[in-house]
Amino acid sequence: MEQTSAVGPRKQLEAALEFAREGDTLAVTKLDRLARSVRHLGEIVERLEKNGVALRILNLGIDTNTPTGRLMLNLLGSIAQFEREIMLERQKEGVAKAKAEGKYKGRKPTARTKVDEIKALALQGIGKREIAQRLGLGERSVYRMLSAQ
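Next up, the structure:
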């Protein structure tokens with residue numbers, strides 16, 4: 001299982017697509033976990049078809065080995081993209097409303113709350129990468145806090 005941001009690289013998916021051979025079937029649990037858009041889905045399916053690999057979406061019972069399966073995949077892919085776009089629209093509206101009401105503060109500044117710990121560890125000669133790992137922060141946050149001294 002791979003967890004990444006919506007725009008980040010998907011190394012495990014890429015590895016699975018590279019590994020799949022003619023006659024194989026790539027099985028995924030849910031369509032929305034496979035592709036980020038109808039276009040992305042089309043690219044994945046095209047790549048699989050070019051290599052003679054079928055696609056099976058387990059929770060929908062879709063198998064691209066059949067004409068009906070390919071039709072359903074395209075229809076449901078379009079619907080999934082529509083749902084995602086609607087959800088993002090609602091999210092933006094909610095954030096805008098919360099900001100207008102002064103309720104939206106954004107994410108808590110975790111690195112700023114640990115700046116004293118970061119400085120203390122740095123004074124002990126501990127490297128920035130190690131500090132980040134110990135405190136559960138990103139390396140960039142540690143660099144930022146140390147350069148803000």
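Each residue of the sequence shown is one higher than the one before, starting from 1 at the first, in our numbering. We put the beta carbon where it would ideally sit given N, CA and C, even for glycine.
Using 8 angstroms as the threshold, is the C-beta distance between residue i and residue j below it?
i: lysine 114; j: leucine 137; result: yes
i: leucine 58; j: threonine 29; result: yes
i: alanine 80; j: threonine 64; result: no
i: leucine 31; j: leucine 60; result: yes
i: methionine 145; j: alanine 120; result: no
i: arginine 56; j: alanine 20; result: no
Determine the direct distance from the alpha carbon of residue j to that of residue i, and round the result to whole angstroms.
i: lysine 128; j: proline 109; result: 18 angstroms
i: glutamate 117; j: arginine 107; result: 20 angstroms
i: aspartate 24; j: lysine 92; result: 41 angstroms
i: leucine 48; j: histidine 40; result: 12 angstroms
i: asparagine 51; j: glycine 42; result: 14 angstroms
i: arginine 10; j: leucine 17; result: 11 angstroms
i: serine 78; j: glutamate 22; result: 27 angstroms
i: alanine 164; j: tyrosine 143; result: The requested residue 164 is not part of the displayed model; the chain covers only 1 to 149.
I'd like to confirm the pairing. Which residues does DSSP put opposite residue i in its beta bridges?
i: aspartate 24; result: DSSP lists no partner for aspartate 24.
i: isoleucine 57; result: Val28, Ile62
Going by other Cβ atoms of all chains shown within 10 Å of its Cβ, with 16 needed for buried, is residue i buried or exposed?
i: serine 141; result: buried
i: leucine 123; result: exposed
i: alanine 148; result: exposed
i: alanine 15; result: exposed
**OP:** Could you tell me whether the segment 73-84 touches the segment 28-36, using the rule of 3 or more Cβ pairs below 8 angstroms?
**Re:** These segments touch.
Original post:
Is the segment 63-79 close to the segment 88-103, with three or more CB pairs under 8 angstroms?
Top reply: Fewer than three pairs of CB atoms, one per stretch, sit closer than 8 angstroms, so the segment 63-79 makes no contact with the segment 88-103.
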